[in-house]
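Asker: This is the structure, below, for whatever I ask next.
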Amino acid sequence: MSEKWKKVEDIKTPPGPVTFTMEHSQNGYRMNAICYSLKQEENRKKFREDYEQYMAEFGLSEFEKDLVRSRDWLKMIHYGVSPYLIGKMAQCFDLSFMDWGAFMRGEQAKDFMERNIPLLKNYNKDDR
Amino acid sequence: MSEKWKKVEDIKTPPGPVTFTMEHSQNGYRMNAICYSLKQEENRKKFREDYEQYMAEFGLSEFEKDLVRSRDWLKMIHYGVSPYLIGKMAQCFDLSFMDWGAFMRGEQAKDFMERNIPLLKNYNKDDR
Amino acid sequence: MANFVGGICTSHNGALMHGWDYQLREDPIWTPLFESYDPVRQWIIDKKVDVLFFVFNDHVSNFFFDCYPTFAIGIAEQYEHADEGSGPRDLAVPYGDVPFSRYMADYLIRDEFDLTVCQEMKLDHGIMGPTPYMLDQPWPVKFVPFCVNVIQHPIPSVKRCWKLGKSIRKAIEAYPEDINVAVVGTGGLSHELQGTNFGRIELDWDNEFMDKFEFEPESMLDWDVKEFMDRGGSESAETVMWFAMRGAMSKKVKRIHRNLYRGMLTGMAVLVFEDAE
Amino acid sequence: MANFVGGICTSHNGALMHGWDYQLREDPIWTPLFESYDPVRQWIIDKKVDVLFFVFNDHVSNFFFDCYPTFAIGIAEQYEHADEGSGPRDLAVPYGDVPFSRYMADYLIRDEFDLTVCQEMKLDHGIMGPTPYMLDQPWPVKFVPFCVNVIQHPIPSVKRCWKLGKSIRKAIEAYPEDINVAVVGTGGLSHELQGTNFGRIELDWDNEFMDKFEFEPESMLDWDVKEFMDRGGSESAETVMWFAMRGAMSKKVKRIHRNLYRGMLTGMAVLVFEDAE
Ligand SMILES: [Fe+3]
Ligand SMILES: [Fe+3]
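Residue numbers (the numbering used here), protein chains in the order written: chain A, 864 to 991; chain B, 864 to 991; chain C, 195 to 471; chain D, 195 to 471.
What follows is the structure, encoded as structure tokens:
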């Protein structure tokens with residue numbers, strides 16, 4: 864998979880859902896690993912302070928570093944990063960789950976939420 | 864299980880085989896963990912240099928420390944230490960697999976081996 | 195002998211963590227969600243439940259892809275709370291029932307389920323999302339966490355989880371101690387987190403699914419997981435875990451409670467069933 | 195389509211590591227043991243084997259009891275050698291066949307085997323004991339390691355491993371690439387390492403077992419693991435792994451090779467079968 868892409872721009876992002884398979888998992892392994900390391904507060908602190916340094920210490924490839932630098936969460940999903948792990952990294956960039964999710968839709972979290980908040984309610988047959 | 868035993872001497876060692884069950888595994892968990900840590904050379908080095916210090920850093924209970932100090936490998940087996948993990952610790956006391964194994968039989972490795980070496984050969988129907 | 199008292203299914207998600215940790219019950223948007231769990235809490239009290247057997251999934255909080263189990267059971271004395279980004283949550287310690295969980299692991303392995311047996315497991319919102327809504331603290335029950343891979347495909351099929359449920363039921367009823375056990379399936383319902391349709395929710399399907407799940411679960415046993423993902427979004431694959439609960443129950447069930455709430459990213463449902471037969 | 199060429203069973207133990215690492219072929223005590231693997235090496239060459247699918251067990255070298263899988267498959271590009279006390283051994287790097295191992299994991303999970311999927315796995319003497327005897331280096335084949343818990347009881351039953359073998363066989367024959375695959379079961383035969391009978395060996399049972407294993411394996415499918423442990427010592431529980439190999443084969447087999455050697459602590463056997471039907 865990774866060989867298909869020389870540059871982050873090469874990662875295709877067709878519309879629709881992505882199913883995270885073993886193949887994705889293997890392709891995105893090191894990216895997933897760096898995100899997974901952020902489940903520890905001390906690592907989050909280091910990452911927040913200097914993520915370039917953190918990536919270098921983690922031994923990411925230039926391609927992978929560019930993928931982080933790009934903050935292109937949609938490409939990361941297509942590359943093979945698990946959404947739960949993306950969440951851990953996005954948080955260290957002060958982005959909420961909604962922020963990076965709305966990014967994949969091509970919109971701002973604020974707009975997505977404003978549209979959805981009025982819909983938050985029970986939705987049983989009797990409630991309608 | 865552990866509550867049955869206040870002192871190492873209390874561990875019963877009836878003759879015959881021991882089957883390592885989940886219950887053994889949970890009972891011997893911390894003992895197994897300290898042995899497992901010895902799969903790394905740096906830890907083996909530390910253990911060899913000062914195993915009292917190593918046990919203290921590992922946070923073993925006094926009972927568990929006594930169990931290590933006792934070098935009573937048969938009691939360890941009955942307590943819930945895996946034979947494969949015992950091997951890793953015994954090695955750090957310069958004891959071979961045969962040494963701690965023969966100990967369980969109540970004999971010296973040398974005697975066990977001398978008795979067995981002449982038997983080492985093919986044992987097919989035609990070979991007899 | 196142990197007594198199987200019934201089953202619970204519930205969604206789990208980050209919103210449930212948020213709503214609890216910020217104590218949003220009085221916020222009118224959150225009130226119906228909190229209230230939807232009140233009958234569950236009461237039922238657990240009424241039934242004098244001793245142990246909840248949770249069929250849930252981890253969100254790469256405890257397990258990593260170096261070694262990712264399809265089915266993993268916890269047999270520990272107590273569990274830690276996972277750090278999902280803001281430190282471990284301020285919730286009561288979940289205690290296990292060691293002899294019972296060991297017994298369940300033993301029974302299920304002998305019944306040809308290839309379990310990974312865990313003496314340590316950190317629990318994330320897959321269990322701890324909904325639990326504070328349906329249980330007071332300190333927790334009045336013991337926990338058995340049974341973790342299912344629903345993240346790295348292929349995941350276990352609906353039918354495999356259904357069979358698991360049947361085996362769980364048999365196991366509970368053969369347990370020699372006099373305890374009350376309920377089975378909880380977590381996850382779902384509709385949601386999609388990966389790709390351009392992030393935030394997709396399918397509430398009509400969620401209601402239809404809950405009807406089928408109650409009255410004719412067997413009609414879905416041969417469905418590929420993809421069928422659920424097509425209908426309810428990529429992450430509704432989690433629904434397979436509900437089938438472990440349903441498989442543990444009788445063909446006909448008595449519905450004690452059911453609610454569907456439209457969350458920001460998830461169709462959030464909660465169900466309580468007892469055997470009808 | 196992939197071609198199933200046959201099966202190998204072999205003991206694994208520390209002695210095999212020792213004999214290889216000290217290059218003891220010329221030592222008259224060791225010569226028959228080394229020679230017993232020569233026909234295996236030749237068979238692997240003759241059959242142009244591309245991949246060996248190893249059903250083996252880890253000896254707490256890679257997995258620990260915090261999280262102990264019943265069945266774990268490796269899908270990695272390459273594997274490291276475990277450090278079993280004297281540093282990693284000086285052996286060639288074992289490479290995996292990534293697409294094939296991924297395919298096998300996928301197939302087996304869909305066929306209701308609840309695998310733990312591993313992207314990293316350190317291999318110990320459970321595989322690397324016998325391999326240098328039966329393969330030249332650098333290894334002329336790719337490795338798929340399939341790890342079975344035979345250490346922390348309950349372990350999977352004979353029947354479960356037999357069914358696993360059947361599924362492995364179906365999977366291999368449905369694989370779209372033109373590769374030659376053999377299945378290897380490791381472990382056994384008689385030995386006992388825990389307790390006062392350390393060193394117990396039962397050679398007559400080992401020969402009887404190999405007869406039954408060849409001609410009437412199904413007569414043992416309902417045996418409890420304990421039956422093997424009673425007959426062959428506590429660690430002969432490992433024999434369940436042989437049944438994955440046997441289950442992958444036809445009812446009648448053609449025996450290519452068979453040998454039993456009396457080791458210091460283990461009845462050490464090696465077998466090669468092809469389908470007879
Ligand atoms: Fe989830
Ligand atoms: Fe072994």
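We put the CB at the ideal spot given by N, CA and C, even for glycine. Since this is a predicted model, take the numbers as computed values, not measurements.
Residue range of the beta strand (DSSP E) that C:VAL462 falls in?
Answerer: Position 268 of the third sequence, counted from the first residue, corresponds to residue 462 of chain C. One point to set straight first is that residue 462 of chain C is Met, not Val, in the sequence displayed. Its beta strand (DSSP E) spans residues 461–469.
Asker: Check the Cβ of A:SER924 against every Cβ in chain C and list those closer than 7 Å, keeping chain order.
Answerer: Residue 924 of chain A sits at position 61 when you count from the first residue of the first sequence. In chain order: nothing, as chain C lies at least about 18 Å away.
Asker: Quick check on the DSSP output: the beta strand (DSSP E) that includes C:ALA442 runs from which residue to which?
Answerer: Locating residue 442 of chain C in the third sequence gives position 248, counting from the first residue. Counting along the chain, C:ALA442 falls outside any beta strand (DSSP E), and DSSP gives it neither H nor E.
Asker: Compare the C-beta of D:ASP300 with all C-beta atoms of chain A and state if any pair is closer than 9 Å.
Answerer: Against the fourth sequence, residue 300 of chain D aligns to sequence position 106. D:ASP300 counts as touching chain A.
Asker: Should C:TYR369 and C:VAL378 be called a contact, given that it needs their Cβ atoms to be closer than 9 Å?
Answerer: Counting from one through the third sequence, the residue named residue 369 of chain C turns up at place 175. Counting from one through the third sequence, the residue named residue 378 of chain C turns up at place 184. Against a cut-off of 9 Å, the Cβ pair of C:VAL378 and C:TYR369 comes out as no contact.
Asker: Please tell me whether, using a cut-off of 8 Å, the distance from the CB of C:VAL378 to the nearest non-hydrogen atom of ligand 1 is below it.
Answerer: Looking up residue 378 of chain C in the third sequence gives position 184. For ligand 1, not one heavy atom lies less than 8 Å from the Cβ of C:VAL378.
Asker: Are any of the Cβ atoms in chain D nearer than 9 Å to that of A:SER888?
Answerer: The residue labelled residue 888 of chain A in the question sits at position 25 within the first sequence. Chain D contact via Cβ: present.
Asker: Does the Cβ of C:SER280 have 16 or more other Cβ atoms within 10 Å, making it buried, or fewer, making it exposed?
Answerer: Taking the first residue of the third sequence as 1, we reach residue 280 of chain C at position 86. The residue is exposed, with fewer than 16 neighbouring Cβ atoms inside 10 Å.
Asker: Taking Cβ-Cβ distances below 7 Å as the criterion, which residues of the stretch 257–278 of chain D are in contact with chain B?
Answerer: Cβ contacts with chain B come from PHE258, PHE259, ASP277.
Asker: Determine the DSSP secondary structure at C:HIS206, reduced to helix, strand or coil.
Answerer: In the third sequence, counting from the first residue as 1, residue 206 of chain C sits at position 12. Looking at C:HIS206 - three-state DSSP - the assignment turns out to be coil, as it is neither helix nor strand.
Asker: Kindly indicate which residue of D:GLY201, D:LEU210, D:ARG363, D:ARG456 has the alpha-carbon position closest to the one of D:LYS448.
Answerer: If you number the fourth sequence from 1, residue 448 of chain D lands on position 254. Residue D:GLY201 is the option with its Cα nearest to D:LYS448.
Asker: Kindly list the residues whose CB is nearer than 8 Å to the CB of D:ILE267, restricted to its own chain and excluding five residues on each side of it in sequence; keep chain order.
Answerer: Here the question's residue 267 of chain D lines up with position 73 in the fourth sequence. Once the five neighbours on either side are set aside, the close Cβ partners of D:ILE267 are SER295, MET298, ALA299, LEU302, LEU309, THR310, VAL311, CYS312, VAL338, PRO339, PHE340, CYS341.
Asker: Kindly indicate the opening and closing residues of the alpha helix (DSSP H) around D:GLY320.
Answerer: Within the fourth sequence, residue 320 of chain D is the residue found at index 126, counting from 1. Run containing D:GLY320: 319–322, per the alpha helix (DSSP H) assignment.
Asker: Label D:ALA383 either buried or exposed according to how many other C-beta atoms from any shown protein chain fall within 10 Å of its C-beta, with 16 as the threshold for buried.
Answerer: Here residue 383 of chain D refers to the residue found at position 189 of the fourth sequence. Note on residue identity: the sequence assigns Leu, not Ala, to residue 383 of chain D. Label assigned to D:LEU383: buried.
Asker: Which of helix, strand or coil does DSSP assign to C:GLN272?
Answerer: As a working note, residue 272 of chain C is residue 78 in the third sequence. In the structure shown, C:GLN272 sits in a strand (DSSP, three-state: E or B).
Asker: Using the C-alpha atoms, what's the distance from C:GLY320 back to D:GLU306?
Answerer: Here residue 306 of chain D is taken as the residue at index 112 of the fourth sequence, counted from 1. Here residue 320 of chain C is taken as the residue at index 126 of the third sequence, counted from 1. Roughly 23 Å between the two C-alpha positions.
Asker: Is the CB of C:ARG456 under 9 Å away from at least one CB in chain A?
Answerer: Counting from one through the third sequence, the residue named residue 456 of chain C turns up at place 262. Closer than 9 Å: yes.
Asker: Could you confirm whether any beta carbon from chain B is found closer than 9 Å to the beta carbon of C:ARG296?
Answerer: The count along the third sequence starts at 1 and reaches residue 296 of chain C at position 102. With 9 Å as the cut-off, C:ARG296 counts as an interface residue toward chain B.
Asker: Report all residues from its chain with a CB closer than 6 Å to the CB of C:THR204; omit the five preceding and five following residues, and keep chain order.
Answerer: Taking the first residue of the third sequence as position 1, residue 204 of chain C is located at position 10. Result list for C:THR204: PRO324, THR380, VAL464, in chain order.
Asker: According to DSSP, what are the bridge partners of B:PRO878?
Answerer: Residue mapping note: residue 878 of chain B aligns to position 15 of the second sequence, counting from 1. In the DSSP output, where bridge partners are listed per residue, B:PRO878 has none listed.
Asker: Do the CB positions of B:LEU948 and B:LYS938 come within less than 9 Å of each other?
Answerer: Taking the first residue of the second sequence as 1, we reach residue 948 of chain B at position 85. Taking the first residue of the second sequence as 1, we reach residue 938 of chain B at position 75. It is not a contact, given that the beta carbons lie outside the stated cut-off.
Asker: Does ligand 2 have even one heavy atom less than 8 Å from the beta-carbon of D:VAL287?
Answerer: Position 93 of the fourth sequence holds residue 287 of chain D. For ligand 2, not one heavy atom lies less than 8 Å from the Cβ of D:VAL287.
Asker: In the structure shown, what three-state DSSP assignment does A:THR884 receive?
Answerer: As a position in the first sequence, residue 884 of chain A is number 21, starting the count at 1. It is a strand residue.
Asker: Using a threshold of 8 Å, is the CB atom of D:VAL434 nearer than that to any non-hydrogen atom of ligand 4?
Answerer: Questions concerning ligand 4 fall outside what the structure shown contains, since the ligands it does hold are ligand 1 and ligand 2.
Asker: Leaving out the 5 sequence neighbours to the left and right, which residues in its chain are closer than 6 Å to C:GLY213 when beta-carbon positions are compared?
Answerer: On the third sequence, residue 213 of chain C is found 19 positions in, with the first residue counted as 1. Closer than 6 Å at the Cβ level, and outside the excluded window around C:GLY213, lie TRP224.
Asker: Where in the stretch 907–977 of chain A do unbroken runs of the alpha helix (DSSP H), each at least 4 residues long, occur, reported from the N-terminal end onward?
Answerer: Complete alpha helix (DSSP H) runs here, min 4: 914–921, 925–933, 936–942, 946–955, 960–968.
Asker: Is it buried or exposed, D:GLU396, if we count other Cβ atoms within 10 angstroms and call 16 or more buried?
Answerer: As a position in the fourth sequence, residue 396 of chain D is number 202, starting the count at 1. So D:GLU396 ends up on the buried side.
Asker: Which residues in the same chain as D:PHE407 place their Cβ atom closer than 7 Å to its Cβ, once the five residues preceding and following it in sequence are excluded?
Answerer: One-based indexing of the fourth sequence puts residue 407 of chain D at position 213. TRP436, ARG440.
Asker: Where A:GLU920 and A:GLU904 are concerned, what is the direct C-alpha to C-alpha distance, given to the nearest angstrom?
Answerer: Within the first sequence, the letter at position 57 stands for residue 920 of chain A. Within the first sequence, the letter at position 41 stands for residue 904 of chain A. Each residue's Cα considered, the two are about 17 Å apart.
Asker: Pull the bridge partners of D:ALA376 from the DSSP assignment, please.
Answerer: Here the question's residue 376 of chain D lines up with position 182 in the fourth sequence. DSSP lists D:GLY200, D:LEU246 as partners of D:ALA376.
Asker: With B:MET967 and D:GLY389 assumed to form a contact (beta carbons below 8 Å), what rounded beta-carbon distance in angstroms separates them?
Answerer: Here residue 967 of chain B is taken as the residue at index 104 of the second sequence, counted from 1. Here residue 389 of chain D is taken as the residue at index 195 of the fourth sequence, counted from 1. Between D:GLY389 and B:MET967 the Cβ distance is about 6 Å, and since that is below 8 Å, they are a contact.
Asker: Beta carbon of D:VAL466, beta carbon of D:ARG452: below 9 Å?
Answerer: Here residue 466 of chain D refers to the residue found at position 272 of the fourth sequence. Here residue 452 of chain D refers to the residue found at position 258 of the fourth sequence. For D:VAL466 and D:ARG452, yes; Cβs fall inside 9 Å.
Asker: In three-state DSSP terms, what is D:PHE265?
Answerer: If you number the fourth sequence from 1, residue 265 of chain D lands on position 71. Three-state result, D:PHE265: strand.
Asker: Given 8 Å as the limit, is there contact between the stretch 957–964 of chain A and the stretch 972–981 of chain A, that is, 3 or more CB pairs closer than that?
Answerer: Yes, the stretch 957–964 of chain A touches the stretch 972–981 of chain A.
Asker: Cβ of D:GLU429 within 9 Å of Cβ of D:GLU386?
Answerer: Taking the first residue of the fourth sequence as 1, we reach residue 429 of chain D at position 235. Taking the first residue of the fourth sequence as 1, we reach residue 386 of chain D at position 192. Cβ atoms of D:GLU429 and D:GLU386: closer than 9 Å.
Asker: Less than 9 Å between the beta carbons of A:THR884 and C:MET423, yes or no?
Answerer: To locate residue 884 of chain A, count along the first sequence from 1; it is residue 21. To locate residue 423 of chain C, count along the third sequence from 1; it is residue 229. No. Outside cutoff.
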